[in-house]
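Participant:
Residue numbers (our numbering), protein chains in the order written: chain A, 449 to 954; chain Z, 33 to 264.
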């Protein structure tokens with residue numbers, strides 16, 4: 449307000465100076481023609497009217513009329529007028545300048561209003577962009593409230609949403625509005641009860657003005673279509689009710705959108721977990737039935753008296769290996785469940801890479817059978833690592849290498865300790881991995897097209913390897929070798945024994 | 033060599049080959065083993081066996097495809113091993129000409145019983161040509177469309193007799209619901225099993241000594257029906 453005052457005083461002063469200057473100039477130039485003088489004054493009045501408010505323009509008109517009378521209409525130097533014709537001049541001048549002032553003021557008001565509209569539109573546009581960028585996060589509503597308060601220069605904004613019979617306030621701005629929830633509830637109820645367009649206020653019904661801690665707060669229902677879904681509270685700069693309605697509409701759409709996003713996310717999660725369950729069950733039922741059948745048949749064969757000793761041995765071997773297979777399957781499912789539950793714990797201790805490799809080989813001895821496994825260690829120094837997890841991961845890789853390559857082809861295992869990392873490479877001399885399948889190799893239940901038809905398996909192994917290694921900040925990746933065969937690499941960060949590290953570098 | 037019946041076992045699982053092979057040998061059969069569908073077709077073409085035990089989950093060809101190709105050249109009985117829970121594969125294989133099925137995990141006696149029945153069906157096929165089938169106390173005369181149990185004639189409606197003779201001509205084989213519906217009511221009826229349920233219930237009331245515990249018209253749940261000539 450003080451800014452307005454000061455500027456108005458300045459304009460009054462400018463108008464006075466302009467009038468004085470014109471009067472002085474006309475007197476110096478000795479202009480006596482009434483028409484010339486009144487036209488010049490009119491010009492001053494018009495200039496003032498276009499730049500100042502109506503009352504300044506009216507004041508200037510009256511002052512100009514008095515100057516005209518005092519300085520130029522005979523008898524000069526008095527406010528009396530000798531020639532009655534000059535009365536006509538005087539009143540015509542006053543009438544013209546007042547009408548001009550008024551016209552100019554109306555034009556200015558229109559202009560200001562248009563400016564204001566444009567400004568609100570720009571703000572609404574910015575806000576709707578914020579709404580579109582809104583994510584489905586927890587803080588989405590507070591973020592939205594913040595962006596309303598920023599876009600509309602409001603001190604405080606709060607979005608109130610009903611939640612299980614309570615009201616949840618997402619507020620932005622300081623100091624936070626302590627709005628009575630009962631006020632919100634009653635405003636919401638009113639918005640639900642009536643839906644009339646208030647032609648006078650140019651808003652829909654349901655607006656309320658309340659006072660909180662001495663501040664004026666406007667409550668606006670948030671409507672999607674005609675249905676209210678919440679209440680918006682705003683305080684600070686007075687905003688036009690129509691604008692508030694538009695703003696509330698944008699916010700309501702944003703809220704609805706956020707809710708849809710959330711629902712979609714939830715249903716997507718459900719779908720994924722359903723699919724996982726189906727895949728797991730299908731894979732389990734297939735992988736359980738074959739060993740169970742073999743065990744059942746082989747064990748009944750054992751009770752047949754006519755079997756030879758060799759045949760008996762073979763049957764018990766079938767049982768043994770199928771039980772092995774079942775327990776591996778069980779182990780996999782268990783490991784998978786533990787990875788899913790985040791229940792993999794690491795327990796580091798000092799160990800040699802050769803021990804890890806030996807443990808892994810023991811684990812899959814049956815599958816490896818009499819494969820040539822070429823080992824190299826560079827160097828075989830003690831490292832601090834969880835040997836159990838690493839060996840379990842390596843065992844899966846060895847098992848895969850043996851299963852998916854021609855019988856009798858060798859497998860190379862190279863362990864290397866460098867830069868505080870233990871790297872173990874498992875390289876086979878099989879057909880390699882189809883390039884299209886490389887990126888999906890570590891997905892749960894993913895099985896390559898070739899693997900599916902030739903080797904029984906669940907598609908859990910590599911996913912488990914990745915899960916186990918992740919627990920010790922390790923990584924695993926696969927690539928095809930230039931001269932054929934696939935290479936899987938495990939890299940796990942380790943601590944190297946200080947004495948050995950010195951020995952290794954010297 | 034001997035006149036032991038020869039069975040072709042088609043399965044890609046080494047464990048099953050190693051367990052089922054000796055099982056069949058110890059029960060008086062000669063066994064040939066094929067690990068893939070193509071190998072099975074080659075072996076069968078070179079020297080037809082008396083019966084085929086076929087696993088539906090094969091690495092190279094779909095088991096149902098093997099079934100179709102063998103049926104195209106021979107009437108040899110096929111007993112299907114199915115590891116999948118879904119009934120669709122079994123039904124498919126039966127519609128393509130398989131005689132019977134066993135679901136994994138199965139016990140040895142289950143498989144042996146199916147093999148025995150399927151083999152006997154072949155040897156007793158001549159009975160069909162005489163126009164009369166005897167099963168237990170039941171005598172079915174196809175030409176005169178008469179059914180006699182314990183010396184007393186049983187009156188059947190034409191549809192009932194059609195169903196009974198269809199099942200009896202294929203005795204000890206599983207006929208799928210689809211196959212029966214198609215044969216008796218025509219191709220438009222294959223999606224309406226309720227016709228079949230009603231007719232089977234009527235027929236059981238007439239020919240079974242104890243309709244609640246049928247001994248001739250056996251249900252194969254979710255798959256079809258079988259006419260049993262041997263009390264199981």
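Ideal Cβ positions, reconstructed from N, Cα and C, are used throughout, including at glycine.
Would you kindly report the start and end of the unbroken alpha helix (DSSP H) that includes residue 821 (chain A)?
Facilitator: Residue 821 (chain A) -> not in any alpha helix (DSSP H); beta strand (DSSP E) instead, spanning 821-826.
Participant: Determine which residues of the segment 38-51 of chain Z have a Cβ less than 7 Å from any Cβ of chain A, and write them out in chain order.
Facilitator: Cβ contacts with chain A come from 45, 47, 48, 50 and 51.
Participant: Do residue 681 (chain A) and residue 624 (chain A) have their C-beta atoms closer together than 7 Å?
Facilitator: Taking 7 Å as the Cβ cut-off, residue 681 (chain A) and residue 624 (chain A) do not qualify as a contacting pair.
Participant: Tell me, which residues are paired with residue 133 (chain Z) by DSSP?
Facilitator: Answer is Z:112, bridged to residue 133 (chain Z).
Participant: Hey, would you say residue 1042 (chain A) sits closer than 7 Å to residue 700 (chain A), going by beta carbons?
Facilitator: Beyond the ends of chain A as shown, which are 449 and 954, falls residue 1042 (chain A); an answer cannot be given.
Participant: Within 10 Å of its beta-carbon, does residue 830 (chain A) have 16 or more other beta-carbons around it, so buried, or fewer, so exposed?
Facilitator: Its Cβ being crowded by 16 or more others within 10 Å, residue 830 (chain A) is buried.
Participant: Mapping the DSSP letters down to three states, classify residue 71 (chain Z) as helix, strand or coil.
Facilitator: Residue 71 (chain Z) falls in the helix class under three-state DSSP.
Participant: Run through chain Z and tell me which residues come within less than 9 Å of residue 714 (chain A), C-beta to C-beta.
Facilitator: In chain order: nothing, as chain Z lies at least about 30 Å away.
Participant: Under a CB-based cut-off of 7 Å, is residue 779 (chain A) close to chain Z?
Facilitator: By this cut-off, residue 779 (chain A) is not an interface position.
Participant: Short of 8 Å Cβ to Cβ, which residues in the segment 75-101 of chain Z face chain D?
Facilitator: Absence of chain D from the displayed structure is noted, the protein chains being A and Z.
Participant: In angstroms, rounded to a whole number, what distance separates the CA positions of residue 218 (chain Z) and residue 841 (chain A)?
Facilitator: Rounded to whole angstroms, residue 218 (chain Z) to residue 841 (chain A) spans 59 Å at the Cα level.
Participant: Measuring only the C-alpha atoms, how far is residue 210 (chain Z) from residue 259 (chain Z)?
Facilitator: Going from the Cα of residue 210 (chain Z) to the Cα of residue 259 (chain Z) covers about 16 Å.
Participant: Measure the C-alpha to C-alpha separation of residue 261 (chain Z) and residue 128 (chain Z) and round it to an integer number of angstroms.
Facilitator: Answer to the nearest angstrom: the Cα atoms are 23 Å apart.
Participant: Confirm, please, whether the CB-CB distance from residue 655 (chain A) to residue 689 (chain A) is below 7 Å.
Facilitator: Yes, they are a contact pair.
Participant: Look at residue 735 (chain A) and residue 906 (chain A) and say whether their C-beta atoms are less than 7 Å apart.
Facilitator: Contact flag set, yes.
Participant: Do three or more CB pairs link the segment 496-513 of chain A to the segment 538-548 of chain A at distances below 8 Å?
Facilitator: Yes, they touch.
Participant: Under a three-way DSSP split, which group does residue 929 (chain A) fall into?
Facilitator: Three-state DSSP puts residue 929 (chain A) in coil, outside helix and strand.
Participant: Any C-beta of chain A sitting closer than 7 Å to the C-beta of residue 259 (chain Z)?
Facilitator: Closer than 7 Å: no.
Participant: Under 8 Å between beta-carbons, which chain Z residues line up against residue 749 (chain A)? List them in chain order, please.
Facilitator: What residue 749 (chain A) touches in chain Z: 51, 54, 55, 58 and 140.
Participant: For residue 536 (chain A) and residue 491 (chain A), what's the separation of their Cα atoms in angstroms?
Facilitator: One C-alpha to the other measures close to 19 Å.
Participant: In chain order, what are the residue ranges of uninterrupted alpha helix (DSSP H) at least 4 long that sit wholly in the segment 584-661 of chain A?
Facilitator: The segment 584-661 of chain A contains these whole alpha helix (DSSP H) runs: 588-599 and 629-641.
Participant: Starting from residue 664 (chain A), trace the beta strand (DSSP E) both ways and give me its first and last residue.
Facilitator: Per DSSP, residue 664 (chain A) belongs to the beta strand (DSSP E) from 663-672.
Participant: Given this structure, state the Cα-to-Cα distance separating residue 508 (chain A) from residue 455 (chain A), to the nearest angstrom.
Facilitator: Going from the Cα of residue 508 (chain A) to the Cα of residue 455 (chain A) covers about 16 Å.
Participant: Taking the runs of the beta strand (DSSP E) that are 3 residues or longer, which of them lie wholly in the segment 159-203 of chain Z?
Facilitator: Correct list: 164-167, 170-173, 178-181 and 184-186.
Participant: With 7 Å as the threshold, decide whether the Cβ of residue 418 (chain A) is near any Cβ in chain Z.
Facilitator: Lying outside 449 to 954, the shown extent of chain A, residue 418 (chain A) is not represented and no answer is given.
Participant: Relative to the alpha-carbon of residue 807 (chain A), which residue among A:838, A:499 and A:660 has its alpha-carbon at the smallest distance?
Facilitator: Closest by alpha carbon: A:838.
Participant: Give the secondary structure of residue 64 (chain Z) by DSSP, where H, G and I count as helix, E and B as strand, and everything else as coil.
Facilitator: It is a strand residue.
Participant: Can you grab the Cα-Cα spacing for the pair residue 24 (chain Z) / residue 214 (chain Z), in whole Å?
Facilitator: One cannot answer for residue 24 (chain Z) here, as it falls past the ends of chain Z, which runs 33 to 264.
Participant: Please classify residue 817 (chain A) as buried or exposed, where buried requires at least 16 neighbouring CB atoms within 10 angstroms.
Facilitator: Burial call: exposed.
Participant: Tell whether a beta-carbon distance below 7 Å holds between residue 811 (chain A) and residue 849 (chain A).
Facilitator: No, these two residues do not count as a Cβ contact at 7 Å.
Participant: Can you grab the Cα-Cα spacing for the pair residue 888 (chain A) / residue 894 (chain A), in whole Å?
Facilitator: Residue 888 (chain A) and residue 894 (chain A): Cα-Cα distance of roughly 7 Å.
Participant: Three-state secondary structure (DSSP) at residue 217 (chain Z)?
Facilitator: In the structure shown, residue 217 (chain Z) sits in a helix (DSSP, three-state: H, G or I).
Participant: Compare the C-beta of residue 137 (chain Z) against all C-beta atoms of chain A and say whether one is closer than 7 Å.
Facilitator: So, interface residue.
Participant: Answer with yes or no whether the minimum CB distance from residue 740 (chain A) to chain Z is below 7 Å.
Facilitator: Answer yes: the Cβ-Cβ gap between residue 740 (chain A) and chain Z drops below 7 Å somewhere.
Participant: With the cut-off set at 7 Å, would you say residue 257 (chain Z) and residue 196 (chain Z) are in Cβ contact?
Facilitator: Contact: no.
Participant: Can you pull the chain Z residues whose beta carbon is under 9 Å from the beta carbon of residue 752 (chain A), in chain order?
Facilitator: Per Cβ cutoff of 9 Å: 54, 55, 58 and 59.
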